[in-house]
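First the structure, in the form of structure tokens, and then the observations on it.
Numbering (UniProt numbering), first residue to last: 1 to 181.
Structural data, given as structure tokens:
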């Protein structure tokens with residue numbers, strides 16, 4: 001005769017195994033940080049004390065798990081000088097091995113703007129380095145995911161393609177790929 005204890009053991013053990021595997025399925029690990037790059041910058045408005053920019057940021061996910069971003073904070077440096085900063089509360093889901101372009105806003109102050117303008121005018125430089133740093137808050141994680149990207153802006157007006165400048169960025173394709181779902 002089968003006892004109640006044996007029946008419970010036979011039912012509970014398989015349920016615990018199923019629950020364990022179901023729990024593990026949702027805890028995929030982000031093994032590589034996402035590539036977060038500048039795709040475009042437009043000046044929104046200029047004030048006496050502050051300038052605001054619309055920035056297109058491309059986020060590429062090299063992982064086999066979805067990255068659900070709840071919000072982020074970020075800073076842009078030009079020639080290693082602080083240029084602009086911002087925060088965004090836009091939620092976005094980056095699919096596994098996919099990408100999305102996010103529109104964000106950043107602000108700079110008059111001092112940063114003048115310093116950069118003066119350096120460009122006096123240096124005679126044809127290339128400007130930039131660095132994007134920040135932290136993304138994920139919806140399913142407690143800690144923030146840091147990111148950093150360095151690139152170069154070429155100001156050479158003698159481009160063969162007729163453009164006056166371009167962002168030198170290996171992670172920014174001209175067209176958005178169809179890897180998103």
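We treat Cβ as the ideally placed atom computed from N, Cα and C, and that holds for glycine.
Reference residue i; option with closest CA among the options
i           : options             : result
residue 126 : 78, 116, 93 and 153 : 153
residue 29  : 43, 51 and 61       : 61
residue 128 : 118, 136 and 135    : 118
residue 111 : 136, 83 and 34      : 83
residue 108 : 59, 120, 75 and 93  : 75
Own chain, CB closer than 6 angstroms to residue i, minus 5 neighbours either side, in chain order
i           : result
residue 131 : 77 and 150
residue 148 : 133
residue 181 : Any reading at residue 181 is ruled out, since the residue's pLDDT is 36, under 50, leaving its predicted position unreliable.
residue 91  : 70
Buried versus exposed, by CB contacts within 10 Å (16 or more), residue i
i           : result
residue 142 : exposed
residue 47  : exposed
residue 146 : exposed
Whole-angstrom distance between residue j and residue i, CA atom to CA atom
i           : j          : result
residue 140 : residue 43 : 34 angstroms
residue 24  : residue 40 : Because the pLDDT at residue 24 is just 45, under 50, the model does not fix this residue reliably, and the point stays unresolved.
residue 50  : residue 86 : 12 angstroms
residue 26  : residue 89 : Here residue 26 scores only 47 on pLDDT, less than 50, and its place in the model should not be relied on; the value that follows carries that caveat. Rounded to the nearest angstrom, the two C-alpha atoms are 24 angstroms apart.
residue 54  : residue 98 : 23 angstroms
residue 144 : residue 93 : 15 angstroms
residue 120 : residue 64 : 42 angstroms
Other residues of its chain near residue i: CB distance less than 7 angstroms, five sequence neighbours each side excluded
i           : result
residue 56  : 39, 40, 101 and 103
residue 199 : Because the chain here runs from 1 to 181, residue 199 falls outside it and cannot be looked at.
residue 115 : 81
Where residue i falls: helix, strand or coil (DSSP)
i           : result
residue 143 : coil
residue 138 : strand
residue 112 : helix
residue 91  : coil
residue 31  : coil
residue 155 : coil
7 angstroms Cβ cutoff, residue i in contact with chain C
i          : result
residue 68 : As a matter of chain content, chain C is missing from the structure shown, which is built from one protein chain.
Residue i CB to nearest heavy atom of the ligand ATP below 6 angstroms
i           : result
residue 101 : This structure lacks the ligand ATP, and indeed carries no ligand of any kind.
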